[in-house]
Every structure is written in structure tokens, then in C-alpha cells.
Amino acid sequence: MRIGLFTDTYLPDVNGVVSSIVTLQQELEKNGHDVFVITTHPGLLQVQREGNVLRLPGVELKSLYGYVLTSPIHFAVLKDIREMELDVIHAHTEFGVGIFARIVAKMLQIPLVSTYHTTYEDYTHYVNVFNLETVDKVAKKAVSSLSKLYGETSTELIAPSQKTKEMLQRYGIKKRIHVIPTGLDLQRFDAHRTDAETIRQRREELMANPEETLIIFVGRIAKEKSIDFVIDGFTYLKEAGVPVHFAVIGGGPEQEVLQSHVHELGLDSMITFAGKKPADQIPSYYHCADAFVSASLTETQGMTYIEALASELPVFARPDEVLEDLVLEGQTGFLFKKPEQFAEKVQLFLAMSAEERAAMKAAAKSQVEVYDSRIFYQKVLEVYQSAASEYREMYRLESIRPKDDCVELKVCSPNDEIRILVSLETYFNKGLRKDVLISSDELDELISEEEAVKAYQSCLKRIAAKDRTRKEIYDWLTQNTQLDIKQINEIVEKLEERDLINDLRYTKNQVYNLKLLMQGKNKISRTLRKKGIPYEMIESVFADEDEQSEFRNALKWAQKLQPTIKEKSVRMKKNMMKSKLIAQGFAVDVINEVMDNLSFVEEERAELESLRKTAAKAKKRYQSKYSGTKLRNYVFRYCSAQGFDVEDIYLILSEMEWDDE
Numbered sequence: 001m002r003i004g005l006f007t008d009t010y011l012p013d014v015n016g017v018v019s020s021i022v023t024l025q026q027e028l029e030k031n032g033h034d035v036f037v038i039t040t041h042p043g044l045l046q047v048q049r050e051g052n053v054l055r056l057p058g059v060e061l062k063s064l065y066g067y068v069l070t071s072p073i074h075f076a077v078l079k080d081i082r083e084m085e086l087d088v089i090h091a092h093t094e095f096g097v098g099i100f101a102r103i104v105a106k107m108l109q110i111p112l113v114s115t116y117h118t119t120y121e122d123y124t125h126y127v128n129v130f131n132l133e134t135v136d137k138v139a140k141k142a143v144s145s146l147s148k149l150y151g152e153t154s155t156e157l158i159a160p161s162q163k164t165k166e167m168l169q170r171y172g173i174k175k176r177i178h179v180i181p182t183g184l185d186l187q188r189f190d191a192h193r194t195d196a197e198t199i200r201q202r203r204e205e206l207m208a209n210p211e212e213t214l215i216i217f218v219g220r221i222a223k224e225k226s227i228d229f230v231i232d233g234f235t236y237l238k239e240a241g242v243p244v245h246f247a248v249i250g251g252g253p254e255q256e257v258l259q260s261h262v263h264e265l266g267l268d269s270m271i272t273f274a275g276k277k278p279a280d281q282i283p284s285y286y287h288c289a290d291a292f293v294s295a296s297l298t299e300t301q302g303m304t305y306i307e308a309l310a311s312e313l314p315v316f317a318r319p320d321e322v323l324e325d326l327v328l329e330g331q332t333g334f335l336f337k338k339p340e341q342f343a344e345k346v347q348l349f350l351a352m353s354a355e356e357r358a359a360m361k362a363a364a365k366s367q368v369e370v371y372d373s374r375i376f377y378q379k380v381l382e383v384y385q386s387a388a389s390e391y392r393e394m395y396r397l398e399s400i401r402p403k404d405d406c407v408e409l410k411v412c413s414p415n416d417e418i419r420i421l422v423s424l425e426t427y428f429n430k431g432l433r434k435d436v437l438i439s440s441d442e443l444d445e446l447i448s449e450e451e452a453v454k455a456y457q458s459c460l461k462r463i464a465a466k467d468r469t470r471k472e473i474y475d476w477l478t479q480n481t482q483l484d485i486k487q488i489n490e491i492v493e494k495l496e497e498r499d500l501i502n503d504l505r506y507t508k509n510q511v512y513n514l515k516l517l518m519q520g521k522n523k524i525s526r527t528l529r530k531k532g533i534p535y536e537m538i539e540s541v542f543a544d545e546d547e548q549s550e551f552r553n554a555l556k557w558a559q560k561l562q563p564t565i566k567e568k569s570v571r572m573k574k575n576m577m578k579s580k581l582i583a584q585g586f587a588v589d590v591i592n593e594v595m596d597n598l599s600f601v602e603e604e605r606a607e608l609e610s611l612r613k614t615a616a617k618a619k620k621r622y623q624s625k626y627s628g629t630k631l632r633n634y635v636f637r638y639c640s641a642q643g644f645d646v647e648d649i650y651l652i653l654s655e656m657e658w659d660d661e
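Numbering (the UniProt record's numbering), first residue to last: 1 to 661.
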């Protein structure tokens, strides 16, 4: 494969990122791959080309020792990179060159792999010069947002440790993250590769008394490395008169500050700042030491710890998740939480026998065998191959358009263009944004969810037109969509969570409205139960109502009904009113109370007149068929059926004229 490694820091810089890149580069080249490095150099104008290394001009950041800040725009070298015919771009940093890598990957349509080497949230003090809590929060939020953006615009993402993976997931990255510890050329750190004379020279260079125990730190001298923590520990060793020396190998923005701190504590004779050393000499400095120390808690993997262990050095360190499989208490090193505890552990180490120290050296070397660069290379190569394979079938998210309560996505591949509706939850939870790459499997998943999104939109329209119950929405989804029960339940629950459907609110509104129509409790209850409202909920709503409201509504309805029933006996009129009140949903006890409160004096006064009209009406109906006694009997039965009193019927019939008389 032809691989482009994009990084803001590279040789001759000495740091964990460079070590990782160089190790990967060497293994790739060893296995026949063509590797190109796109990096920076501290110059403002010219691009430098050194074999397969392309250096872009930039400005050195004094506060981030070893890093050169460059513009993310370098169209002048785009032609050079196109001619490299890269199969994969691998971005190792997130600054100018890292951003440029993403631009190149998009423009040249090359799969992008990113490795997240640095926990930038631990470096926000560089922009928070006044140590303000608000500034720190804003800076950390910016780190989170940018990290999420960088991660999700990559075809594949690599984290050097589980700790880093979990941090990226906290940032909201949903993409698959490969945990691949940075490999190391273990042979390079084999203690037998440095001869005795070189070791003697190194020890004489680092301390006045080469016979003392030498503990070293290798790395960038920066605030986040907490070297001051170790220096403070040496004050306790000085008080105890322990013959031990501390050498700091490396340079950085905190060097002068720490040197002043050492001088103030009177530790100049015990601590040496040796400065920055060439990368090819670093192993010999490990080999000349008796132990390694670092109090840093900001490592994504801890490459210098691995280098020290590979060099057979016991490691002193503060407890950290990335070190759980490296520093085993009393076996490969010692853990401490306070400066005084560090001093105690050093004395414990010095008290060990030669046999115990030899066992610790062997254990240290054995512990890092899993970090062999060959294993590292193989795992990264698998990610490259996966990225290249997936990229051919990937879709790029070209545009995003909010639409009602969802988002319309336009995704494109070289041969296809698709528009999909996704919910806002899916949009945010999956980290979808412009230029994100979507695999065919992810696209299929979004398409399968689209019917649910459309169904949800239809539900919103139905609810906007008229309030609905849970059962009504559920029934409509069941009858009008192909969604499964799980999807239907999710839509209904979502509508309930947003308070777009609320059966209790619906019940209260319906009880109020139907009572305005003077419906009784029973009828209202039947109506609501047909809508799927539980009996208990209906009863609880009625329980909150004024106890007399049912009677008042029934009385009002009866008073409205009473004058509409004409030419009926009082008895018939009362029965008809009771039937209509029952049909209106009022309870029998309420109806009886209402009837007792109604006045039928007018009807009773007009009873005989109503009977005369009823009898005359009956006579007229039956006289075409019957006559004489038979006609009288039919009229009698008719009036009786209307509820009139028998004696009153006889009286009225006796007043009427009959043909047989």
C-alpha cells in the first residue's frame, strides 16, 4: 500500500507521537509498503522535500515544545500529494497538518485513518494563562467538540489505549474505535545493545558520582508532565541522606521554571537537566539508568514508560488507567500518590537485594513484549485495509436540511445519491454532520428507520388536527404502517415523553367538554373507554369534579327537554324524560333526584286537555277501519298506552260523540 502519514511533529523532535510514527513508518517500510510523511518545519515560506518526507512551513510553538504550527491550507503541494497516489491517509495530530489531512482526503477522495495520540483536555492550561475556571470549561468544551468532529470525519479511528477510547466516547463519538497500543522496536531498547563504555560516559555526563543510584525522566519538560512532583519528592530523599540522583532528559517550556525550583530547594547536586538528545541516543540514556520515574497523568498510552520497561528499568509512577497493565507494584515498579510516598518507594527499591532487582528487570522487559512493533504494524495494517475496503462503499453526507421535527439528509457515493429522513435523536446520537462518511451498513440502518420517522411525522399531523389518545395513535400505526410492535411502542412513548399525547389531559378535557353538552357520567365514561382510556383514570377525573355538577347538568338537561314533549300524559312524559336522561348518560339516582325537583303542575293542569287531543287523534286514526264499540275500545287502549289515567279516559270518552249512539 501507499500510505501518507500526516503529523505536526516529526524527527528530529523527541516525544511519544514521533516515536509512534517512526515505529510505524519503519515497520511499514520493512514490510514493503511505500510511506510518505507530510509534516512541518520552522520556516515561513518554502516547502522542503527530503526523500519521502514533505515538510510544510510553519511557526514553532514555544509553549508546545517540538510542535510547529502551520496553516491547514497548502494547495501548492496538493499536486505533489496527488502524485504520491496514496491508498490511505493516516492523520496523527489535530493541528494544521491534521486539518490539512482531512482537506486532502476529501478533495482526493482517499480514506482517512486518525490516531488520537493526545488528551488535549489536559493541555488547556496553555490557553488559560490566568487559571480562570470559566476559560478552562470553555477550552475543554472546545476540545470535546473538535475531537468529536475530527473523529467522526475519519473513515477509521484508532485510540492507543482503552482510557483514550472511553474519553472519545464521552465526547460523543459513535464511530467504531480500534484500540491499538503503539508498538515499539523492542530490540532497539535491548540493554545489551549499549556497551559498558557508553554507559560509563552517560553516567559521568549526568551526575558527579557515577556510583549513586540514577533515576531518569525522558520526555518533554512541560507542566502536564508534573516533573515538579518528582522534584518535591527528592527533598525527602535529601533529608534522609539517600545516595540517589535524578536526571531529566529532554527540553521544553517549563525547563527554566523547574531549574529555578530545584535551585530554591537546594537540590542542584541531586538533579541534572541534560537537555534534548538525538533520538538514536535515547536508548543509551535509558540503559545507563537504574530506574525511570514520571508523575504524569495525561498520557494516552505512556510510550516512555514502555521504553523504560523495555530497557529493563523499574518504573516509578502515579496510578493511572493507562499504566494498569504496565506498572505492577513490586514486580515491574512502584506506584506513589504523594512526593513523600515517592521517596519511601525509592528507599524500598534501594533496599532490595541484587536478586530481587534482577527479577524486577526481567519482569519489566517481559511485561512489554505485547507492544512489539510487529504486532502494532499488523493491527494498523488491518485498519488500513478495512478503511480502503469500506471507503469504496461509503457515502458522504453532502447536505443537511431541517424539516419539521426531523432532518433530511442527502448522501452521495460516486454512483448514487440518496435522500433520507432521520429523527433529531438519530441525527445527534449518531454524530451525523456534513462530510461525515457513512458505511453501507449504516445507510441501510438509516433507511430502515425512515418509515418510523415518516410515521412519526404523520402522527404529529393527526395530533395537530385533533387531540388523540394513546390507543387511537397505536391503532392508527398498527392499521396504516408496516412498523413492528417495538417501533410503534417507541413512537407512542416518544409522543408521550414530549407530552403530545396525554391520556389524563385528554380525559379531563373531554369530561369538561362533554359536560358542557350536558352529557352524564355514564355516557362520558362509555365514550372515553372506547377511546382506550382506563376505567380507573376516568373515575379519578370524576372524583376530582364537583359532586353536584352531575345533578346540575342533569337538571339543566331535563328542564330543556321538558317543554319539548307535548300531548303526553304526565306519567308518559316523566318516563320519556327518564329514558332520555339515561341515554344522555346520567345515573338512575341522579335522574330520580332530578325528577323530584322538577315541577309538572302545568302539565297536570292540562292533563285532561291533552287527553282530549290524544283521544280525538286516536279516533281519527282508527275510525276508517272500526266503528261503534270496537272503535271506542281501540281509542281507549291507545290513550291508556299513552299513560293517561283510566278514570280520566272514561270521562273523556263519555264526552265524545260515537256513531252507534
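We treat Cβ as the ideally placed atom computed from N, Cα and C, and that holds for glycine.
As the structure is a prediction and not an experimental result, all values here were calculated from the model.
Spatial neighbours of residue 469 within its chain, please: CB distance less than 8 Å, with the 5 preceding and 5 following residues excluded, ordered by chain position.
-> Taking the first residue of the sequence shown as position 1, residue 469 is located at position 469. Hits under 8 Å: 501, 503, 506, 531, 532, 533.
What residue ranges within the stretch 392 to 459 form continuous alpha helix (DSSP H) runs of no fewer than 4 residues, ordered along the chain?
-> 424 to 429
What are the boundary residues of the alpha helix (DSSP H) that includes residue 164?
-> On the sequence shown, position 164 is the one that residue 164 refers to. Element bounds for residue 164: 162 to 170.
Classification of residue 624 by the beta-carbon crowding that lies within 10 angstroms, buried from 16 upward | The count along the sequence shown starts at 1 and reaches residue 624 at position 624. By the 10 Å Cβ count, residue 624 comes out exposed.
The stretch 239 to 259 touching the stretch 314 to 324, judged by at least three CB pairs closer than 8 Å = no
In terms of residue numbering, what span does the beta strand (DSSP E) encompassing residue 246 cover?
-> Counting from 1 along the sequence shown, the entry for residue 246 is found at position 246. Segment 244 to 249, the beta strand (DSSP E) holding residue 246.
Short check: CB of residue 446 to CB of residue 407, under 8 Å?
-> Here residue 446 refers to the residue found at position 446 of the sequence shown. Here residue 407 refers to the residue found at position 407 of the sequence shown. Cβ distance not < 8 Å, so residue 446 and residue 407 don't count as in contact.
Between the stretch 15 to 29 and the stretch 369 to 383, do at least 3 Cβ pairs fall closer than 8 Å?
-> yes
Buried or exposed by the 16-neighbour rule on C-beta atoms within 10 Å, applied to residue 132 = Locating residue 132 in the sequence shown gives position 132, where the first residue counts as 1. For residue 132, the pLDDT reaches just 45, beneath the cut-off of 50, and the residue's location in the model is therefore unreliable, although a value from the coordinates is still provided. Burial call: exposed.
Inspect the beta-carbon positions of residue 703 and residue 595 and report whether they are closer than 8 Å.
-> Any question about residue 703 goes unanswered here, given that the chain covers just 1 to 661.
Which of the three DSSP states, helix, strand or coil, is assigned to residue 98?
-> Indexing the sequence shown from 1 puts residue 98 at position 98. Residue state, collapsed to three classes: helix.
Cα separation between residue 331 and residue 312?
-> Residue mapping note: residue 331 aligns to position 331 of the sequence shown, counting from 1. Residue mapping note: residue 312 aligns to position 312 of the sequence shown, counting from 1. Answer to the nearest angstrom: the Cα atoms are 12 Å apart.
Going by other Cβ atoms of all chains shown within 10 Å of its Cβ, with 16 needed for buried, is residue 605 buried or exposed?
-> Counting from 1 along the sequence shown, the entry for residue 605 is found at position 605. So residue 605 counts as exposed.
Could you tell me the boundaries of the alpha helix (DSSP H) in which residue 256 lies?
-> Within the sequence shown, residue 256 is the residue found at index 256, counting from 1. Counting along the chain, the alpha helix (DSSP H) containing residue 256 begins and ends at 255 to 264.
Look at the alpha carbon of residue 39 and the alpha carbon of residue 54, and state the distance between them as a whole number of angstroms.
-> The sequence position of residue 39 within the sequence shown is 39, counting from 1. The sequence position of residue 54 within the sequence shown is 54, counting from 1. So the two alpha carbons sit approximately 6 Å from each other.
Buried or exposed: residue 70, going by 16 or more other Cβ atoms within 10 Å of its Cβ?
-> Counting from 1 along the sequence shown, the entry for residue 70 is found at position 70. Counting Cβ neighbours within 10 Å, residue 70 comes out buried, since at least 16 surround it.
Between the Cα of residue 13 and those of 637, 252, 211, 181, spot the shortest distance and give me the residue it belongs to.
-> Position 13 of the sequence shown, counted from the start, is the residue given in the question as residue 13. Closest by alpha carbon: 252.
Residue 40 - partner residues in DSSP beta bridges | Taking the sequence shown and counting its residues from 1, the one referred to as residue 40 is at position 40. According to DSSP, which records beta bridges pairwise, residue 40 is partnered with 56.
Is DSSP giving residue 128 helix, strand or coil here?
-> On the sequence shown, position 128 is the one that residue 128 refers to. Unreliable placement is indicated for residue 128, whose pLDDT of 35 sits below 50; the coordinate value is still reported in the next sentence. The answer is coil: DSSP assigns residue 128 none of H, G, I, E or B.
Can you give the beta carbon distance from residue 401 to residue 412, rounded, assuming they're within the 8 Å contact cut?
-> Along the sequence shown, read from residue 1 onward, the residue named residue 401 stands at position 401. Along the sequence shown, read from residue 1 onward, the residue named residue 412 stands at position 412. That pair is no contact at about 14 Å.
Alpha-carbon spacing of residue 65 relative to residue 90, whole angstroms = Locating residue 65 in the sequence shown gives position 65, where the first residue counts as 1. Locating residue 90 in the sequence shown gives position 90, where the first residue counts as 1. Unreliable placement is indicated for residue 65, whose pLDDT of 49 sits below 50; the coordinate value is still reported in the next sentence. Taking the straight line joining both Cα atoms gives about 23 Å.
In the stretch 533 to 609, which residue ranges form an unbroken alpha helix (DSSP H) of at least 4 residues, counting only runs that do not cross its ends?
-> 535 to 543, 549 to 561, 570 to 583, 588 to 597, 601 to 605
Measure the beta-carbon distance from residue 667 to residue 288 and round it to whole angstroms, keeping in mind my assumption that it falls under 8 Å.
-> Outside the displayed range of the chain (1 to 661) lies residue 667, so it cannot be described from this structure.
What residues match up with residue 356 in a beta bridge as DSSP calls it?
-> Position 356 of the sequence shown, counted from the start, is the residue given in the question as residue 356. None; residue 356 has no bridge partner.
Enumerated in chain order, which unbroken segments of the alpha helix (DSSP H) with a length of 4 residues or greater are wholly contained in the stretch 335 to 387?
-> 339 to 350, 354 to 367
Look up residue 483 in the DSSP assignment and say whether it is helix, strand or coil.
-> Here residue 483 corresponds to residue number 483 of the sequence shown, with the count starting at 1. The answer is coil: DSSP assigns residue 483 none of H, G, I, E or B.
With burial defined as no fewer than 16 other Cβ atoms inside 10 Å of the residue's Cβ, what is the status of residue 263: buried or exposed?
-> Against the sequence shown, residue 263 aligns to sequence position 263. Exposed.
Would you tell me roughly how many angstroms separate the C-alpha atoms of residue 410 and residue 52, rounded to the nearest one?
-> For the purposes of this step, residue 410 is identified with residue 410 of the sequence shown, where counting begins at 1. For the purposes of this step, residue 52 is identified with residue 52 of the sequence shown, where counting begins at 1. Residue 410 and residue 52: Cα-Cα distance of roughly 38 Å.
Nearest-angstrom Cα distance between residue 114 and residue 321?
-> Taking the sequence shown and counting its residues from 1, the one referred to as residue 114 is at position 114. Taking the sequence shown and counting its residues from 1, the one referred to as residue 321 is at position 321. Each residue's alpha carbon lies about 22 Å from the other.
For the beta strand (DSSP E) containing residue 2, list its first residue and its last residue.
-> Indexing the sequence shown from 1 puts residue 2 at position 2. Where residue 2 is concerned, the enclosing beta strand (DSSP E) stretches over 2 to 6.
Run through DSSP, which three-state label would residue 641 get?
-> On the sequence shown, residue 641 is found 641 positions in, with the first residue counted as 1. Three-state result, residue 641: helix.
Would you decide whether residue 387 is buried or exposed? Buried here means 16 or more other CB atoms lie within 10 Å of its CB.
-> Locating residue 387 in the sequence shown gives position 387, where the first residue counts as 1. Residue 387 is buried by the Cβ-count criterion.
Consult DSSP for residue 284 and reduce its assignment to one of helix, strand or coil.
-> Taking the first residue of the sequence shown as 1, we reach residue 284 at position 284. Looking at residue 284 - three-state DSSP - the assignment turns out to be helix.
Would you kindly check if the distance between the Cβ of residue 600 and the Cβ of residue 570 is under 8 Å?
-> Here residue 570 is taken as the residue at index 570 of the sequence shown, counted from 1. Here residue 600 is taken as the residue at index 600 of the sequence shown, counted from 1. In this structure, residue 600 lies closer than 8 Å to residue 570 by Cβ.
Have a look at the DSSP bridge pairing and note the partners of residue 294.
-> On the sequence shown, residue 294 is found 294 positions in, with the first residue counted as 1. Answer is 317.
Using 8 Å as the threshold, is the stretch 452 to 469 in touch with the stretch 483 to 491, meaning 3 or more CB pairs across them?
-> yes
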